[in-house]
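Per this note's numbering, the very first residue in the sequence shown carries number 20; after that it's consecutive.
Ideal Cβ placement from N, Cα and C applies to all residues, glycine included.
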Amino acid sequence: MNKNLIRRTAIVAAAGAASLVLAACGSSDDTSAGQSTPSAVSSAPAAQGQHNAADVAFAKGMIPHHRQAVEMADLAPTRAESAEAKKLADEIKKAQDPEIQTLSGWLTSWGEQVPAEGAMDHSAHGMAGMMTAEEMDKLKDSSGKAFDTAFMEMMIRHHEGAVAMAKTEKADGAFPDAQTMADAIIISQTAEITRMNSLLGKN
């Protein structure tokens, strides 16, 4: 009985404090900024946890996509000839490894399954920009200038696929952090595509 009374008193006190804060906001000035404060505050927690099927598809698709880019980048230190190709591969790995961890964390928190390491599910085979097993073998078997050219040509296609997936997330997703990551992918990978085209003499 006492516990209920204490809880009720705390709720009433909290509500009173909240109304005082809101009253203070409203009385300081009557501008639209003052009036919008309560709704902005109340909607923030809901927005942070809100996600939809497009967000899940983005995370589930981008994880194997990023893993393949990292696998390709891992070949560069021992096979690439140019310093530019090695530097690019290092930057790709440093950007995409942490994103894999973040995407996996989101899926876990949403109660979704993280794609298994090394397992390409059926949907991944037709995914935008993904290399086939034959293309990956060809890349592994090349070295020197031939590797540099093949690596950059494949990575351009790979990046174009990631940018397309990120644009779909921007259009259809709801999770704010996923939208932010999609923005970052579009900006960084579009810049890298330009850079690789330039190194290949295509600009």
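Original post:
Name the DSSP bridge partner or partners of ALA99?
Top reply: In the DSSP assignment, ALA99 is bridged to GLY163.
Subject >> At least three beta-carbon pairs within less than 8 Å, the region 185-201 to the region 70-88 >> reply: When Cβ pairs closer than 8 Å are counted between the two stretches, the region 185-201 is seen to touch the region 70-88, the count reaching three or more.
**OP:** Take GLN104 and list the residues in its own chain whose beta-carbon comes closer than 8 Å to its own, dropping the five residues that flank it on each side.
**Re:** Residue identity differs from the one stated: residue 104 is Ala in this sequence, not Gln. These residues qualify, in order along the chain: ALA95, PHE166, ASP167, PHE170, MET171, LEU218.
Original post:
In whole angstroms, what separates the C-alpha of TRP125 from that of ASP202?
Top reply: Going from the Cα of TRP125 to the Cα of ASP202 covers about 17 Å.
Original post:
With DSSP run on the structure shown, which of helix, strand or coil describes THR151?
Top reply: In the structure shown, THR151 sits in coil (DSSP, three-state: anything other than H, G, I, E or B).
Subject >> Own chain partners of MET176 with C-beta closer than 7 Å, once the 5 adjacent residues on each side are dropped >> reply: Sequence inspection shows Arg at residue 176; the Met mentioned does not correspond to that position. So the list reads GLY148, once near-sequence residues are dropped.
Original post:
Per DSSP, what kind of secondary structure is GLN198 in: helix, strand or coil?
Top reply: The answer is helix: DSSP assigns GLN198 an H, G or I state.
Subject >> Whether MET184 touches MET81 by CB criterion (8 Å) >> reply: For MET184 and MET81, yes; Cβs fall inside 8 Å.
Original post:
Are the Cβ atoms of GLU211 and LEU122 separated by less than 8 Å?
Top reply: GLU211 is not a Cβ neighbour of LEU122, given a cutoff of 8 Å.
**OP:** Could you work out which residue in SER161, ALA181, MET173 is closest to GLU100 when comparing CA atoms only?
**Re:** Comparing Cα positions, the closest option is SER161.
Original post:
For ILE225, which of LYS157, LEU158, ASN71, GLU179 has the nearest alpha-carbon?
Top reply: This structure gives no information on residue 225, because the portion of the chain shown stretches from 20 to 222.
Original post:
Who are the Cβ neighbours of ASP116 in its own chain at under 7 Å, not counting the five residues just before and after it?
Top reply: Cβ within range, chain order: VAL89.
Original post:
If you count every other CB in all the chains shown that lies within 10 Å of the CB of GLY192, and 16 or more means buried, which is it?
Top reply: Buried, because 16 or more other Cβ atoms sit within 10 Å of the Cβ of GLY192.
Subject >> Nearest candidate by alpha-carbon position, reference HIS84, set VAL182, GLN198, GLY163 >> reply: For the residues VAL182, GLN198, GLY163, the minimum Cα distance to HIS84 belongs to VAL182.
Subject >> Proximity winner among VAL133, LYS113, SER128, GLN87, relative to ASP156 (alpha-carbon distances) >> reply: Checking every option, the nearest Cα to that of ASP156 belongs to GLN87.
Original post:
Which residues in the same chain as ALA197 place their Cβ atom closer than 8 Å to its Cβ, once the five residues preceding and following it in sequence are excluded?
Top reply: Around ALA197: HIS70, ASP74, PHE77, ALA78, TRP125, GLU188.
**OP:** Determine, using beta carbons only, whether GLU131 and MET200 come nearer to each other than 8 Å.
**Re:** It is not a contact, given that the beta carbons lie outside the stated cut-off.
Original post:
What did DSSP end up calling GLN132 once you bin it into helix, strand or coil?
Top reply: Taken through DSSP and simplified to helix, strand or coil, GLN132 comes out as coil.
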